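Q: The structure under discussion is supplied below as structure tokens; questions concerning it will follow.
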Amino acid sequence: MSHKERRITVVAYAVNGSGLGHLTRVLAILRWMKRLAQLSGVRLDAYVVTSSEAPGLALEEGFVSFKIPSKTAVREAGLPKEDYLRLARQWVWHSLGLIKPDLLLVDTFPGGSFGELIHALDVPRARVFIHRAMKEEFAQSESIQALLPFYDRILIPVEPGSPAREIPARVSERTRYVGPIMLRSREEMRPREEARRRLGIPEDKLGVWLSAGGGGDSRAERALHRLIEILSVESDLHLVVGAGPLYRGAPLRGPNITWLTGFHTAEDFSGLDFAVSAAGYNSFHELLHAGVPTILFAQEKIADEQSRRVLAASSAGCAIELSVGDNAGFDAMELRRAVAKLRDAQEREALAERAREFVPTNDARDAAFEALNTLLPEEALEEALELGTPQFFIELARHGVELDDLEWMLRRLKTIADLDADEQRELIGRLLSEPTASGRTSLNAFRALARCFPSPTTEADVEELLEATLQVLRAAAPFEDERASLELLRMLPRAEESLRPLLLASAICDFLNALQAIGESVWRGKAILARHLIESEAVSPVDGLKAATNEVAPREADKANIEGGRSFLSGESYDTTFGD
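In the numbering used here, each residue carries its 1-based index in the sequence shown increased by 1278.
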């Protein structure tokens, strides 16, 4: 990336009713857009504009959000509908006009839920629409079909078991088909035992997930209470109730119940044995993608067609259908029969395997690629895709490292023509996996040493620099002072052209070992080294390190005194040669 960073601004617009599907999809795409843009040498500034009553999800994902009241909130507050619509339209238009995004990302309703976007579509340079599955009467309505040509890219997340939506010929060239879009992939789930501890599931019980979606549905309280009423008497079950961030009803708690209303619960799905859940977009795809054997029921929604999802999954043999009566009622015998079936471990494993095959991938990354391709060159994005695999980011997270920490090293690696994406990831992985230092410290140590030499031009140059860094990190580890060790490395001057990284590393290690031998701190060693670097006429950092090492290295007589003192303190000897 050049010193003058290129930046692009994105606004994601998501209206929401009683669920979290719209907001979750745009955040899932934004998460990957930010990653791929940065790997392409571009900074992405993202804003979320939403009417969802759960904007905290954007904050947890690292994005800022501007919130307008949902239509549900306005109705419950008794505000005049006409006043709200007039105010909301003006607010949206002015917000987009002030931000002036390069790209507008819109989910489900291309003109907004009440036409608030229609007169703002000419503000951004590019527009991307997520045309997710919905009831046919909505999908074919004039309010959606007439606005499709205004979008530069139309993303269709095709749901498993359902035919791809037909698109008018006039927009077919700008349409891209992807799979389900989720905020997390199954590779990002926690280990099973850790997840079960977090969910409070005892070792001798089956963990059962109960969910009525995001929680905003008016029948969610009734549905959850009824499920708990039926299943709480089963002594071998521990109920994990995913009430959802939008849930406003009365909670139910007990000795065999864990009640959750937070975000990112899918990260702990590995701890579940099976689930009973509504078939909303998020719940349906997240549970099946995670391989959780699931009993599915359909909620009636304005635009979402949950019954179609339940039918598709049950027909594919990867889920069990549960009928729903009036007022979110469930038949206790039907539910208990389904649960009895899932008590069989072999049955659960068979369902889990078919579920994973039914929803094999999370295509948020592909959707992000297509969205960014409206602004950035395809070649740069292809390179970003090659390096930025899901597993790559999982490894970064495991070591507590962000892309910002890695940016300097990535710039250096990109200058080496014969180094492909797999080799770049392997080098980075070896550095981050060094057990004697944190990931950030390892990266900073690599950068500090690299400053002493010309930019590497071959893979062998990088390999030697990496090995030199690892040797220094191991020599510095006994001091348990990463900050001081980095400060010492940063003060080293640029080396002469003939000096190799391993020779410099050897001199650094000798100096650190000498400090360790006399029980001196790295901070004190830094002061000694600074004096020798200033006083030395030679420009080589090795000369300064050798002079500093000679000063602190104990003479033979001093070594005997030190060892004698240690023996005295341990009660092994009364040697007094260390005294006067």
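Glycine included, C-beta positions come from ideal geometry on N, C-alpha and C.
Note that this is a predicted model, so its numbers are computed, not measured.
1) Between the Cα of L1727 and the Cα atoms of A1699, T1693, P1771 and A1675, which residue gives the shortest distance?
2) Tell me the DSSP secondary structure of A1556 in three-state form.
3) Report the residue from V1740, T1714, K1359 and S1711 whose alpha carbon sits nearest the alpha carbon of R1725.
4) Are the CB atoms of P1732 and Q1794 nearer to each other than 9 Å?
5) Just tell me which of E1451, S1555, A1662 and S1463 has its CA closest to the CA of R1689.
6) Taking the C-alpha atoms as reference points, what is the distance between S1555 and N1722?
7) Go ahead and pull the three-state DSSP assignment for G1707.
8) Would A1447 and S1489 qualify as a contact pair, given that the criterion is a beta-carbon distance under 9 Å?
9) Less than 9 Å between the C-beta atoms of A1544 and L1574, yes or no?
10) Considering only the beta carbon of each residue, do Y1525 and T1539 sit closer than 9 Å?
11) Could you tell me which of E1745, E1512, A1754 and S1711 sits nearest to R1614, measuring between CA atoms?
12) With 16 as the cutoff for other CB atoms within 10 Å, does I1434 come out buried or exposed?
13) Quick one: what does DSSP say K1359 is sitting in, helix, strand or coil?
14) Beta-carbon separation of L1674 and G1717 under 9 Å?
15) State yes or no: is the C-beta of G1380 within less than 9 Å of the C-beta of A1404?
16) Is G1340 helix, strand or coil by DSSP?
17) With a 10 Å radius around its C-beta and 16 neighbouring C-beta atoms as the bar for buried, classify K1378 as buried or exposed.
18) Is the beta carbon of L1298 less than 9 Å from the beta carbon of G1522?
19) Over what stretch of residues does the alpha helix (DSSP H) that includes T1302 continue unbroken?
20) Taking all protein chains shown into account, do 16 or more other C-beta atoms lie within 10 angstroms of the C-beta of T1855, making it buried, or fewer, making it exposed?
21) Would you mind stating whether K1413 and E1583 have Cβ atoms separated by less than 9 Å?
22) Using a threshold of 9 Å, state whether the C-beta atoms of E1648 and V1436 are closer than that.
23) Note down the Cα distance separating I1694 from E1775, rounded to an integer number of angstroms.
24) State yes or no: is the C-beta of V1352 within less than 9 Å of the C-beta of Y1362?
25) Here's the rule: buried if 16 or more other CB atoms are within 10 angstroms of the residue's CB, otherwise exposed. What is V1342?
26) I want to know whether the segment 1630–1649 touches the segment 1447–1465 - three or more CB-CB distances under 8 Å.
27) Evaluate contact between the segment 1473–1484 and the segment 1676–1683, counting only Cβ atoms and requiring at least three cross-stretch pairs below 8 Å.
28) Got a sec, what are the start and stop residues for the beta strand (DSSP E) V1406 sits in?
29) What residue range does the alpha helix (DSSP H) around R1689 cover?
30) With 16 as the cutoff for other CB atoms within 10 Å, does G1375 come out buried or exposed?
31) When the Cα atoms are used, what is the spatial distance from A1835 to A1792?
32) Among the residues of its own chain, which have a CB less than 8 Å from the CB of R1632, if the five just before and after it don't count?
33) Between which two residues does the alpha helix (DSSP H) holding I1432 run?
34) Measure the alpha-carbon distance for H1567 versus V1293 and round it to whole angstroms.
35) Compare the beta carbon distance of A1528 and H1563 with 9 Å and say whether it is the shorter of the two.
36) Go through its chain and collect everything with a Cβ distance to G1645's Cβ below 6 Å, but skip five positions before and after it.
A: Answer, in terms of the structure:
1) For L1727, the nearest C-alpha among the options comes from P1771.
2) strand
3) V1740
4) no
5) A1662
6) Roughly 46 Å separates the two Cα atoms.
7) helix
8) no
9) no
10) yes
11) E1512
12) Counting Cβ neighbours within 10 Å, I1434 comes out buried, since at least 16 surround it.
13) helix
14) Result yes, Cβ atoms of L1674 and G1717 sit closer than 9 Å.
15) In the sequence as displayed, the identity of residue 1380 is Asp instead of Gly. Closer than 9 Å, so yes.
16) coil
17) Exposed.
18) It is a contact, given that the beta carbons lie within the stated cut-off.
19) G1299 to L1317
20) With a pLDDT of only 34 at T1855, under 50, the local geometry of the prediction cannot be trusted, and the value read off the model is given with reservation. Label assigned to T1855: exposed.
21) yes
22) no
23) 19 Å
24) yes
25) exposed
26) yes
27) no
28) A1404 to I1408
29) L1681 to K1692
30) exposed
31) With a pLDDT of 43 at A1835, under the threshold of 50, the predicted position of this residue should be treated as unreliable, though the coordinate-derived value follows. So the two alpha carbons sit approximately 15 Å from each other.
32) A1594, G1595 and C1596
33) First-last for I1432: R1431 to P1435, but that is the beta strand (DSSP E), not the alpha helix (DSSP H).
34) 25 Å
35) Cβ distance not < 9 Å, so A1528 and H1563 don't count as in contact.
36) The sequence given here has Ala at residue 1645, not Gly. So the list reads I1307, L1433, V1456 and I1459, once near-sequence residues are dropped.
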